[in-house]
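Remarks on the structure that follows.
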Amino acid sequence: MPLLLVLPLLFLCVSPAVAVAEIEVTSKTELLQAVSQAKPGTVITITSKSLEGGISIKNLHGTSEMPIVIRGKDPANRCLIEGGHFGLQVSDPAHVVLENLEIRRASQNGLNVDDASTYDSPALHVTLRNIYVHDIGPSGNCDGIKLSGVDYLTIENCQIERWGKGGSAIDMVGCHQGIVRNCTMKFDTMNSASGVQMKGGTSKIVVSRCFFSECGHRGVNIGGSTGLPYFRPRGVTYEAKDITVEDCTFIGGMAAMAFVGVDRAIVQHNTIVDPAKWVLRILQETTEPGFVPCRNGVFRNNVIQFKAEQAFRSVNVGPHTSPETFQFESNAWYSIDRKINESALRLPVKEKDGIYNIDPQLKLVNGRMRVATSQQLPSNVGARQLHSRDQ
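Position 137 of the sequence shown, counted from 1, bears residue number 137 in the UniProt record's numbering, the numbering being contiguous throughout.
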C-alpha cells in the first residue's frame with residue numbers, strides 16, 4: 001500500500017470545483033512521501049515535535065491561487081529540524097510556503113532555497129514565515145538562510161541567531177523582487193560576516209522593520225563579492241541594485257551597513273546604535289572589467305547614536321567607488337560623550353538638513369529600540385514603527 005494512503009488525509013473544499021488536500025506527517029520519510037505526491041493547494045502539516053535534518057525537496061510547484069504549504073502544526077511551538085549538512089533544502093520551487101519551523105545544528109546552512117543551478121529558470125514565489133534558525137556551522141561561510149536564484153520572495157517574522165562565523169543570517173545571491181520584514185538577527189560576537197547580504201546581481205529587495213544585534217562586520221551588506229559564474233542573471237555589472245533598507249534597528253556590530261558594488265540603494269528611517277567602528281561603508285570588492293563602481297546610494301532620515309571618537313570615521317570609503325554620487329539628508333547624529341558637527345563626521349559629500357546633538361533618548365522596549373525624545377526631533381527620523389514620543 002502506498003505510504004501516503006496511511007497518512008492522515010483531509011480534503012477541504014474551497015470551491016465546488018477545487019479540493020485542497022491537508023496531509024499530516026510525523027517523520028522525515030512521511031514528509032518526503034507527501035511532498036512527492038503534493039499538488040497545487042496541498043498543505044503538509046508536521047505534527048511531530050522534531051525531524052532529522054538533511055531534508056532535500058525538489059520541484060515542488062504550486063500556483064498563485066493554490067500554493068503548496070509545508071508547516072509545523074503549532075506556530076507557538078515550531079517543529080524542530082535538527083542536524084545534517086543542511087537542515088532543509090528546497091530546490092526549484094514555485095509558489096511554496098514554509099512556516100512554523102525551527103532549524104538548528106546544521107553543519108553548513110540551516111535553510112537553503114535555490115534554483116537548482118538552472119540560472120534561466122529561478123525559484124519563484126517563495127514565502128518563509130515564522131522560522132527560527134540558530135546554531136549553524138559554527139565556523140566557516142555557513143548561513144542561517146541561503147537563497148540562490150529566487151524571485152518574488154517573502155521572508156517574514158523569522159529569527160536567526162548564531163549562524164556560521166564567516167556567513168550571514170540571510171544570504172541572497174541573484175535574488176529579485178522580494179521583502180524581508182519583521183525579522184530578528186542576533187549574533188554573540190563580532191565574528192560573523194553580516195546579518196543580511198544581497199549580492200550576485202540581486203535587485204529590488206526591501207529589508208523592513210528588522211532588528212540587528214551584534215551582527216558582525218556588516219549588519220546589512222548591500223552587495224558583496226561574488227564569483228562571475230554565480231551571477232543571476234549572467235552579465236549584470238553590479239552586485240546589487242535598487243535595494244531599500246528602512247525602519248530597522250541596528251545595535252553594535254562593526255558597521256551597521258555597507259554599500260558594496262551597488263548601483264542605487266536607499267537606507268532610510270533606521271535607528272543605529274553604537275557601531276563599533278563605522279556607521280556605514282562604501283566599498284568595491286568586485287573589480288572585473290565593466291563593473292560599475294559603487295554608486296548612487298541614499299542615506300536619509302536615520303537616527304545615529306555613537307561615541308565622539310567614532311565621528312571622524314563615521315563613513316569608510318574604499319577605492320574604486322564613486323562616493324560623490326551618494327546623498328546624505330536629514331539624519332540625526334548624536335554623540336553620547338561630546339558635541340559634534342558636520343565637519344567632524346567627514347562625510348564624503350555635504351549633507352542636506354543634517355541634525356546634530358539632540359539626544360534621541362533611546363530606550364530598549366520589548367527587544368526594540370524606541371526614540372523617546374520630545375518635540376526636538378522631527379517625527380520622520382529613525383525607525384518609524386518604533387517611535388514613542390513623549391507627550
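Glycine included, C-beta positions come from ideal geometry on N, C-alpha and C.
From Thr-45, Ala-265, Ala-123, pick the residue whose C-alpha is nearest to that of Lys-58; which is it?
For the purposes of this step, residue 58 is taken as residue 58 along the sequence shown, with counting starting at 1. Of Thr-45, Ala-265, Ala-123, the residue nearest in Cα terms is Ala-123.
From Ala-258, Asp-74, Val-245, Ile-68, pick the residue whose C-alpha is nearest to that of Ser-194; which is it?
Looking up residue 194 in the sequence shown gives position 194. Ranking the options by Cα distance to Ser-194, first place goes to Ala-258.
Tell me, please, which residues DSSP counts as bridged to Gln-159.
Residue numbering aside, residue 159 sits at position 159 when the sequence shown is read from its first letter. For Gln-159, which the question treats as bridged, DSSP gives the partners Tyr-132, Thr-184.
When you compare the CB positions of Glu-178 and Ile-160, do they come within less than 7 Å of one another, or not?
Position 178 of the sequence shown holds residue 178. Position 160 of the sequence shown holds residue 160. The sequence shown places Gly at residue 178, not Glu. Going by C-beta atoms, Gly-178 is not nearer than 7 Å to Ile-160.
Proximal residues to Ile-282 (C-beta, below 6 Å), its chain only, five neighbours per side dropped
What you label residue 282 is simply residue 282 of the sequence shown in a count that begins at 1. Phe-259, Cys-294, Val-317, Thr-321, Pro-323, listed in sequence order.
Starting from the C-beta of Leu-377, find all residues in its chain whose C-beta is less than 8 Å away, skip the five residues before and the five after it, and write them out in chain order.
By one-based count along the sequence shown, residue 377 stands at place 377. Answer for Leu-377: Val-303, Ala-332, Ile-355, Ile-358, Pro-360, Val-371, listed in chain order.
Of the listed residues Phe-306, Asp-263, Ile-243, Gln-268, nearest to Met-254 (C-alpha basis):
Taking the first residue of the sequence shown as position 1, residue 254 is located at position 254. Nearest option by C-alpha distance: Phe-306.
Those residues which DSSP pairs with Asp-151 across a bridge:
For the purposes of this step, residue 151 is taken as residue 151 along the sequence shown, with counting starting at 1. Answer by DSSP bridge pairing, in chain order: Leu-124, His-176.
Roughly how many whole angstroms lie between the Cα atoms of Thr-127 and Ile-155?
Position 127 of the sequence shown, counted from the first residue, corresponds to residue 127. Position 155 of the sequence shown, counted from the first residue, corresponds to residue 155. Using only the alpha carbons, I get a separation of about 6 Å.
Where Glu-285 sits in the DSSP three-state scheme:
Translated into positions along the sequence shown, residue 285 becomes position 285. In the structure shown, Glu-285 sits in coil (DSSP, three-state: anything other than H, G, I, E or B).
I'd like the ranges of any beta strand (DSSP E) spanning at least 3 consecutive residues and lying wholly in the segment 54-103.
55-58, 68-72, 79-82, 86-91
Give the DSSP-derived three-state secondary structure of Leu-377 in the structure shown.
Along the sequence shown, one-based indexing puts residue 377 at 377. Of the three classes helix, strand and coil, the one that applies to Leu-377 here is coil, per DSSP.
Option in Phe-187, Thr-237, Ile-170 with minimal Cα separation from Asn-112:
Reading the sequence shown from its first residue, position 112 is the one you call residue 112. If we check each option's Cα against that of Asn-112, Ile-170 comes out closest.
Using beta-carbon positions only, say whether Ser-168 and Asp-143 come within less than 7 Å of one another.
The residue you call residue 168 lines up with position 168 of the sequence shown. The residue you call residue 143 lines up with position 143 of the sequence shown. In this structure, Asp-143 lies closer than 7 Å to Ser-168 by Cβ.
Going by the CB atoms, is the gap between Ser-314 and Val-279 shorter than 7 Å?
The sequence position of residue 279 within the sequence shown is 279, counting from 1. The sequence position of residue 314 within the sequence shown is 314, counting from 1. The answer is yes: Cβ separation under 7 Å.
What are the start and end residues of the beta strand (DSSP E) that includes Lys-204?
Taking the sequence shown and counting its residues from 1, the one referred to as residue 204 is at position 204. Element bounds for Lys-204: 202-208.
State the beta-bridge partners of Ala-256 as determined by DSSP.
Walking along the sequence shown from the start, residue 256 turns up at place 256. Bridge partners of Ala-256: none, in fact.
With contact counted as at least three CB pairs below 8 Å, one residue from each stretch, are the segment 337-355 and the segment 214-223 in contact?
no
So Thr-45 is in the alpha helix (DSSP H); what residue range does that whole segment cover?
Here the question's residue 45 lines up with position 45 in the sequence shown. Element bounds for Thr-45: not the alpha helix (DSSP H) but the beta strand (DSSP E), 43-46.
Within 10 angstroms of its Cβ, does Leu-228 collect 16 or more other Cβ (buried), or is it exposed?
The residue labelled residue 228 in the question sits at position 228 within the sequence shown. Exposed.
Leu-280 by DSSP, collapsed to three states: which one?
Here residue 280 corresponds to residue number 280 of the sequence shown, with the count starting at 1. Leu-280 falls in the strand class under three-state DSSP.
Below 6 Å CB to CB, which residues in the same chain sit around Val-381 once its five sequence neighbours on both sides are set aside?
In the sequence shown, the residue the question calls residue 381 occupies position 381. Here the set comprises Asn-301, Val-303, Ala-332.
Taking the alpha-carbon positions, what's the Phe-86 to Gly-137 distance?
The residue labelled residue 86 in the question sits at position 86 within the sequence shown. The residue labelled residue 137 in the question sits at position 137 within the sequence shown. Cα-Cα distance, rounded: 10 Å.
Same chain, Cβ closer than 6 Å to Phe-212, neighbours up to 5 away in sequence not counted:
Taking the first residue of the sequence shown as position 1, residue 212 is located at position 212. Answer for Phe-212: Met-185, Gly-195, Gly-219, Phe-250, listed in chain order.
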